[in-house]
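Visitor: First the structure, then my questions, so here it is.
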Amino acid sequence: MLEFLSRVFGRESTGSKNVAKERLRLVLVHDRANVSPDLLSSLKNDLIKVISNYMEIDEQALEVSLDSNDQQVALVANIPVKRMKRAKSLA
Amino acid sequence: MGEVIVVTSGKGGVGKTTTTANLGMGLASHGKKVCLVDADIGLRNLDVVLGLENRIVFDIVDVTSGVCRIRQALIKDKRCEGLHLLPAAQTKDKTAVNPDQMKELCEELRKEFDYVIIDCPAGIEQGFKNAIAGADKAIVVTTPEVSAVRDADRIIGLLEAAELREPKLIINRYRPKMVNRGDMMSIDDMNEILAIDLLGVVPEDEQVVVTTNKGETVVRDEKSQSGQAYRNITRRILGENVPLMNLEEQSGLFSALRKMIGLK
């Protein structure tokens, strides 16, 4: 009944603003991370530094990117390992 | 020493020029000396919005390139003592001025005026960089649409990177009816997403089109809602604490009925 009245009096809600908000939220995560291309490259360098303590990696082939799907945005790193360091050689 | 404020948005068509014109007229109506600078070189519009298009002799590029002195290029508005316009050049492009020249120009203007308000071009390229170069404060204009909000967010990031801290937000073309039925982002939604201080909300209003058609500003229209919104924003810029106006405008039969049956 209330629903019917709502419709009669022009209060039916398609709620498109919620769709707008959700889409914006996702796109802005991406945009904000993209504002500085320096950010990813400095993250990449830091990653290389840390991981190199434990294994030998292919620095040229290393890829770091932000990936988004409908639900979330993820940091994806693809790091080819050339060789594991021996435990004793760890500093 | 006056204050230099840039009005920017990223996206075109959200109301930067209209906002600049109304804030300028509003501040001048309070007895302030105001200079409006049209930084949209190649696509000048602030002159027509203000109804001053027939009085242009020199423009901003003439000033920065030394063809004339600032004083010669300024147009005095006859309707309101204190309001001046420095028009953009129409035949040049945005590279005709560089950021250093803009800085110098703003320094000169702030000696003479209480407020220098710069109408920034759309986009994030050279024209934007020029427009913000000499500013101490920024106002970001947006509308409650995904594209405008996204661009506003980008602009806020760029302003902060350029050390223009704490930009203020104006939400333009707000439609309370659509917000009420959940089809437009609300003031709270926009605050949540953009997370900067709100300077004001201007409702969608046909009167803006009507006044602009005539080369007048809606801020001087005592009866219109958008005019009231611009007058409130003006007072906030002057440092007054003015609460947001009530944007619920319908008082017809249907809304009375709606209230009666508890549908607000």
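Going down the list, the protein sequences come from chains G and S.
Heads up, the first sequence is in my numbering, so the first residue is 742 and it goes up one at a time.
Heads up, the second sequence is in my numbering, so the first residue is 5 and it goes up one at a time.
Ideal placement from N, C-alpha and C gives every residue a C-beta, glycine not left out.
So what does DSSP say about residue 215 of chain S, is it helix, strand or coil?
Guide: helix
Visitor: Just the C-alpha distance for residue 125 of chain S and residue 228 of chain S, rounded to the nearest angstrom, thanks.
Guide: 27 angstroms
Visitor: Please identify the residue among S:9, S:237, S:53, S:45 whose C-alpha is closest to the C-alpha of residue 215 of chain S.
Guide: S:53
Visitor: Going by the DSSP bridge assignment, what does residue 819 of chain G pair with across the sheet?
Guide: G:804
Visitor: Determine, using beta carbons only, whether residue 768 of chain G comes closer than 7 angstroms to chain S.
Guide: It does: the Cβ of residue 768 of chain G has a partner Cβ on chain S nearer than 7 angstroms.
Visitor: Below 8 angstroms, can you find three or more Cβ-Cβ pairs linking the region 164-181 of chain S to the region 786-798 of chain G?
Guide: no
Visitor: State the Cα-Cα distance for the pair residue 156 of chain S and residue 14 of chain S, rounded to the nearest angstrom.
Guide: 6 angstroms
Visitor: Which of the residues in the region 135-161 of chain S, read from start to end, lie with their CB under 7 angstroms from any CB of chain G?
Guide: 150, 153, 154, 157, 158, 161
Visitor: According to DSSP, is residue 202 of chain S part of a helix, a strand, or is it coil?
Guide: strand
Visitor: Using a Cβ-Cβ distance cut-off of 7 angstroms, determine whether residue 780 of chain G contacts chain S.
Guide: no
Visitor: For residue 193 of chain S, return the contacting residues in chain G, with the cut-off set at a CB-CB distance below 8 angstroms.
Guide: What residue 193 of chain S touches in chain G: 758, 762.
Visitor: Let me see if you follow: with CB-CB separation under 7 angstroms, is residue 784 of chain G close to chain S or not?
Guide: no
Visitor: Report the residue ranges of all beta strand (DSSP E) runs contained in full by the region 114-186 of chain S; include only those spanning at least 3 residues, in chain order.
Guide: The region 114-186 of chain S contains these whole beta strand (DSSP E) runs: 119-123, 141-146, 172-178.
Visitor: Any residues in the region 184-211 of chain S with a beta carbon nearer than 7 angstroms to a beta carbon of chain G? Which ones, in chain order?
Guide: 185, 186, 187, 188, 189, 193, 197
Visitor: Report the option in S:123, S:252, S:147 whose CA atom is closest to the CA atom of residue 64 of chain S.
Guide: If we check each option's Cα against that of residue 64 of chain S, S:123 comes out closest.
Visitor: Name the DSSP beta bridge partners of residue 40 of chain S, please?
Guide: S:89, S:121, per the DSSP bridge assignment.
Visitor: Take the Cβ of residue 72 of chain S as the centre, count every other Cβ of all protein chains shown within 10 Å, and call the residue buried at 16 or more, exposed below.
Guide: exposed
Visitor: Is residue 765 of chain G close to chain S, meaning its C-beta is less than 7 angstroms from at least one C-beta of that chain?
Guide: It does; some Cβ of chain S falls within 7 angstroms.
Visitor: Helix, strand or coil for residue 226 of chain S per DSSP?
Guide: Three-state result, residue 226 of chain S: coil.
Visitor: Consult DSSP for residue 79 of chain S and reduce its assignment to one of helix, strand or coil.
Guide: Three-state result, residue 79 of chain S: strand.
Visitor: By alpha-carbon positions, which one of S:111, S:146, S:188, S:179 ends up nearest to residue 759 of chain G?
Guide: S:188
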